DNA sequence: CAGCATCCGCTTTGATACTG
DNA sequence: CAGTATCAAAGCGGATGCTG
């Protein structure tokens, strides 16, 4: 952990979380919860195995994660990095407009952005679930009581399913493309999507 | 600019701002406004001159700064990084408790943290100014109309002046040490400090 | 097999010297 | 003042090997 040697809150913060890959490891733990080494590695395509081991050691030494028989867990202090990740994600989101065909993609990476983009626009209706099929694993959007919650995996009984390549699905969920015009697959109750993102119908 | 190659808002953001020194350059521009090369360099003790030149080129290429006859200015997109810097600063602030005698310090680095720590607890009274003398340059805290604004430099006519080493002054302004117990110098109207930080008297 | 450690070539960073 | 040039050191990425 190379330090900037500055008595400044931002520099001190970056001393701890500013190294390459460190914040992306935090991202994985925030989005997927406690994880084993191999699961982290799968969520971080491109990381060198020794780097992941190094970073986990540093994060542990800095009180950001703990490890118990191979399971890495964020500490309270680690969870406090969520606002940082949200701020970076919000700032970085416009960069997703840029097309790069060879970029890796995993659906759970959408969890934070989707939480910003979607809302419960019919909070009095009973809770519903939308299954999002993009990338390798499905993602579930739970909506109800005025809140939106996003989880990895498939819901027990989805009210609707939206599927297709990210670059088509994301604009629909962001409300920049209407569902009717997007070449994405949709099955089930359209009201779920309208509830989450009215602009998808406009 | 080495990229993570991930279609993820956070990774894309970090592709642009995640390199070493990049965010600290942004910090300088946020805190000090448009600056020339030499001024940036002074605010970034430890940076290598070629690195600063490299980073400024990248930041310009990414639309985060512009340059006109040697003056570097944040673009609108660059200013949008302020929430990111605030989040990192808020997270990093507790790390300032750790003592490192050889760390560099410049008073303007306190501007963002102080804005979080201080408030206008007497918004109906006329505006006042507190001069903070710590580090090499003085810092002015303007308070009035329910708001706190912090600027580099000395006010025309300060209502009060607080001075001393950062590690003594900061706890007072943070409300963790009472003024009477802190070995800091204080001249002028104590009401200004009470207005900004009531806990300094408790 | 999961969880690393080691080795190696390449890239980035840091320190210093120098220039229009 | 605002950089460029040079070079050593550190960090990173990829492959491979080891150990419970």
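Residue numbers (the working numbering), protein chains in the order written: chain A, 72 to 273; chain B, 72 to 273. We put the CB at the ideal spot given by N, CA and C, even for glycine. Predicted model, so just to flag it, every value in this text is computed and none were measured.
message: Can you pull out the residues from the region 218–243 of chain A whose beta carbon lies closer than 7 Å to at least one beta carbon of chain B?
response: 237
task: Give the residues of chain A in contact with residue 154 of chain B, contact being defined as C-beta atoms less than 8 Å apart.
output: Here the question's residue 154 of chain B lines up with position 83 in the second chain. The answer, in chain order, is 158, 161, 162.
- prompt: Alpha carbon to alpha carbon, how far is residue 195 of chain A from residue 214 of chain A?
  reply: As a first step, residue 195 of chain A must be located in the first chain, where it is residue number 124. As a first step, residue 214 of chain A must be located in the first chain, where it is residue number 143. Between residue 195 of chain A and residue 214 of chain A, the C-alpha separation is close to 11 Å.
- prompt: Between A:268, A:230, A:192, A:255, which lies nearest to residue 236 of chain A when the distance is taken from Cα to Cα?
  reply: Along the first chain, read from residue 1 onward, the residue named residue 236 of chain A stands at position 165. When each option's Cα is compared against that of residue 236 of chain A, the closest is A:255.
- prompt: How is the alpha helix (DSSP H) around residue 129 of chain A delimited, first residue to last?
  reply: For the purposes of this step, residue 129 of chain A is taken as residue 58 along the first chain, with counting starting at 1. Run containing residue 129 of chain A: 120–132, per the alpha helix (DSSP H) assignment.
task: Note down the Cα distance separating residue 46 of chain A from residue 209 of chain A, rounded to an integer number of angstroms.
output: This structure gives no information on residue 46 of chain A, because the portion of chain A shown stretches from 72 to 273.
task: Can you tell me which of the three DSSP states residue 151 of chain A falls into?
output: Locating residue 151 of chain A in the first chain gives position 80, counting from the first residue. Coil at residue 151 of chain A, not helix or strand.
Straight-line gap, residue 218 of chain B to residue 260 of chain B (C-alpha atoms, nearest Å): Numbered from its first residue, the second chain carries residue 218 of chain B at position 147. Numbered from its first residue, the second chain carries residue 260 of chain B at position 189. Rounded to the nearest angstrom, the two C-alpha atoms are 19 Å apart.
message: Within 7 Å of any Cβ in chain A, is that where the Cβ of residue 126 of chain B sits?
response: Your numbering for residue 126 of chain B matches position 55 in the second chain. Output row for residue 126 of chain B: interface = no.
- prompt: Who are residue 112 of chain A's beta bridge partners in DSSP?
  reply: Here residue 112 of chain A corresponds to residue number 41 of the first chain, with the count starting at 1. Answer is none; residue 112 of chain A lacks a bridge partner.
task: May I ask you to list the residues that DSSP assigns as paired with residue 34 of chain B?
output: Any property of residue 34 of chain B remains undetermined from this structure, which presents chain B solely from 72 to 273.
field: Classification of residue 229 of chain A by the beta-carbon crowding that lies within 10 angstroms, buried from 16 upward
entry: Along the first chain, read from residue 1 onward, the residue named residue 229 of chain A stands at position 158. Buried, by the Cβ-count rule.
message: Excluding the 5 residues flanking residue 92 of chain B on each side, which residues of the same chain have their C-beta closer than 8 Å to its C-beta?
response: As a first step, residue 92 of chain B is located in the second chain; it is residue number 21 there, counting from the start. Result list for residue 92 of chain B: 115, 118, 122, 123, 126, in chain order.
- request: Could you check the C-alpha separation between residue 94 of chain A and residue 112 of chain B for me, to the nearest Å?
  value: Within the first chain, the letter at position 23 stands for residue 94 of chain A. Within the second chain, the letter at position 41 stands for residue 112 of chain B. If you take the alpha carbons of residue 94 of chain A and residue 112 of chain B, they lie about 27 Å apart.
field: Member of B:262, B:177, B:99 whose CA lies at the smallest distance from the CA of residue 197 of chain B
entry: To locate residue 197 of chain B, count along the second chain from 1; it is residue 126. Here the closest residue by C-alpha is B:262.
field: Helix, strand or coil at residue 77 of chain B [DSSP, three-state]
entry: Within the second chain, numbered from 1, the residue matching residue 77 of chain B stands at position 6. Strand at residue 77 of chain B.
- prompt: residue 117 of chain A touches chain B at which residues, Cβ-Cβ below 9 Å?
  reply: Residue mapping note: residue 117 of chain A aligns to position 46 of the first chain, counting from 1. The answer, in chain order, is 75, 76, 77.
- prompt: How would you list, in chain order, the residues of chain B whose beta-carbon sits under 9 Å from the beta-carbon of residue 98 of chain A?
  reply: As a working note, residue 98 of chain A is residue 27 in the first chain. Going along chain B in sequence order, the residues near residue 98 of chain A (Cβ under 9 Å) are 79, 81, 82.
query: Skipping 5 residues on each side, what residues in its chain have a beta carbon closer than 7 Å to that of residue 269 of chain B?
result: One-based indexing of the second chain puts residue 269 of chain B at position 198. Same-chain partners within the cutoff: 192.
query: Which residues in the same chain as residue 253 of chain B place their Cβ atom closer than 6 Å to its Cβ, once the five residues preceding and following it in sequence are excluded?
result: Against the second chain, residue 253 of chain B aligns to sequence position 182. Excluding positions up to five away in sequence, the list reads 239, 243.
- request: Reducing DSSP to helix, strand and coil, say where residue 157 of chain A ends up.
  value: Translated into the one-based positions of the first chain, residue 157 of chain A becomes position 86. If DSSP states are grouped into helix, strand and coil, residue 157 of chain A belongs with the helices.
message: For a test of the three-state rule: what should DSSP assign to residue 279 of chain B, helix, strand or coil?
response: Shown here, chain B extends from 72 to 273; a query on residue 279 of chain B therefore has no answer.
task: Assign residue 142 of chain B to one of two classes, buried (16 or more other C-beta atoms within 10 Å of its C-beta) or exposed (fewer than that).
output: For the purposes of this step, residue 142 of chain B is identified with residue 71 of the second chain, where counting begins at 1. Flag for residue 142 of chain B reads exposed.
query: From B:183, B:81, B:266, B:247, pick the residue whose C-alpha is nearest to that of residue 154 of chain A; which is it?
result: Counting from one through the first chain, the residue named residue 154 of chain A turns up at place 83. If we check each option's Cα against that of residue 154 of chain A, B:81 comes out closest.
- request: Give the straight-line distance between the Cα atoms of residue 148 of chain B and residue 134 of chain B, rounded to the nearest whole angstrom.
  value: On the second chain, position 77 is the one that residue 148 of chain B refers to. On the second chain, position 63 is the one that residue 134 of chain B refers to. Between residue 148 of chain B and residue 134 of chain B, the C-alpha separation is close to 7 Å.
field: Simplified DSSP state of residue 49 of chain A, which is helix, strand or coil
entry: Any property of residue 49 of chain A remains undetermined from this structure, which presents chain A solely from 72 to 273.
query: Alpha carbon to alpha carbon, how far is residue 224 of chain A from residue 180 of chain A?
result: On the first chain, position 153 is the one that residue 224 of chain A refers to. On the first chain, position 109 is the one that residue 180 of chain A refers to. Each residue's alpha carbon lies about 13 Å from the other.
task: Please confirm whether residue 160 of chain A and residue 183 of chain A have their CB atoms less than 7 Å apart.
output: As a position in the first chain, residue 160 of chain A is number 89, starting the count at 1. As a position in the first chain, residue 183 of chain A is number 112, starting the count at 1. Yes, the Cβ-Cβ distance between residue 160 of chain A and residue 183 of chain A is below 7 Å.
query: If the cut is a Cβ gap below 8 Å, which residues of chain B does residue 257 of chain A touch?
result: Here residue 257 of chain A refers to the residue found at position 186 when the first chain is read from its first residue. Simply none; closest approach about 22 Å.
Those residues which DSSP pairs with residue 210 of chain A across a bridge: Numbered from 1 along the first chain, position 139 holds the residue referred to as residue 210 of chain A. According to DSSP, which records beta bridges pairwise, residue 210 of chain A is partnered with A:203, A:223.
Alpha helix (DSSP H) segment containing residue 91 of chain A, residue limits: Looking up residue 91 of chain A in the first chain gives position 20. Note, residue 91 of chain A: premise wrong, no alpha helix (DSSP H); not H, not E.
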